[in-house]
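Under our numbering, the residues of the sequence shown are numbered 17 to 116, in order.
Using N, Cα and C, we set each Cβ at its ideal position, and we do this for glycine too.
Below: the structure, in structure tokens.
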Amino acid sequence: MERLSAKERHTALQELPGWTEVQDREAIARTFEFKDFNEAFGFMARVALVAEKNDHHPEWRNVYKTVDVVLTTHDAGGVTSRDVDLARAMNAIAQQLGVG
């Protein structure tokens with residue numbers, strides 16, 4: 017898996033609402049905020065199924081109703097299409113839960 021160039025990352029981020037580049041690291045990040053812990057945990061459970069199926073797992077942290085996510089492909093040393101695909105899936109799951 018080849019990592020994306022800076023230009024490719026920038027283009028991909030334009031199609032990923034809420035996602036930004038991580039400063040001083042080749043990664044992308046987003047914070048999702050839900051109505052409560054139950055909804056945040058449900059989101060994480062749904063994403064976990066997608067991540068496991070694709071053998072590509074996020075770095076994430078949950079505090080109450082907030083889920084902070086960082087995506088990077090460690091084997092490639094940066095952001096790849098796998099990260100972009102997982103970010104799209106996360107946005108779609110969040111949107112289904114009413115989080116934009």
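Check each candidate in the options and name the one with the smallest Cα separation from residue i.
i   : options                : result
E49 : R41, G34 and A43       : G34
D40 : L113, T88, D71 and T96 : T88
E68 : R77, D52, Y80 and A105 : A105
Output needed for residue i: all residues of its chain with C-beta closer than 6 Å, excluding positions within five of it in sequence on either side, in chain order.
i    : result
R46  : G34, W35 and V85
V100 : A28
By the 10 Å Cβ neighbour count, where 16 or more other Cβ atoms means buried, how is residue i classified, buried or exposed?
i   : result
A22 : exposed
R25 : buried
F59 : buried
V83 : buried
Excluding the 5 residues flanking residue i on each side, which residues of the same chain have their C-beta closer than 7 Å to its C-beta?
i   : result
A43 : V86, L87, T88 and V95
Below 8 Å CB to CB, which residues in the same chain sit around residue i once its five sequence neighbours on both sides are set aside?
i   : result
S97 : M17 and L20
Self-check item: Three CB pairs or more closer than 8 Å across the region 101 to 109 and the region 52 to 68
Solution: yes
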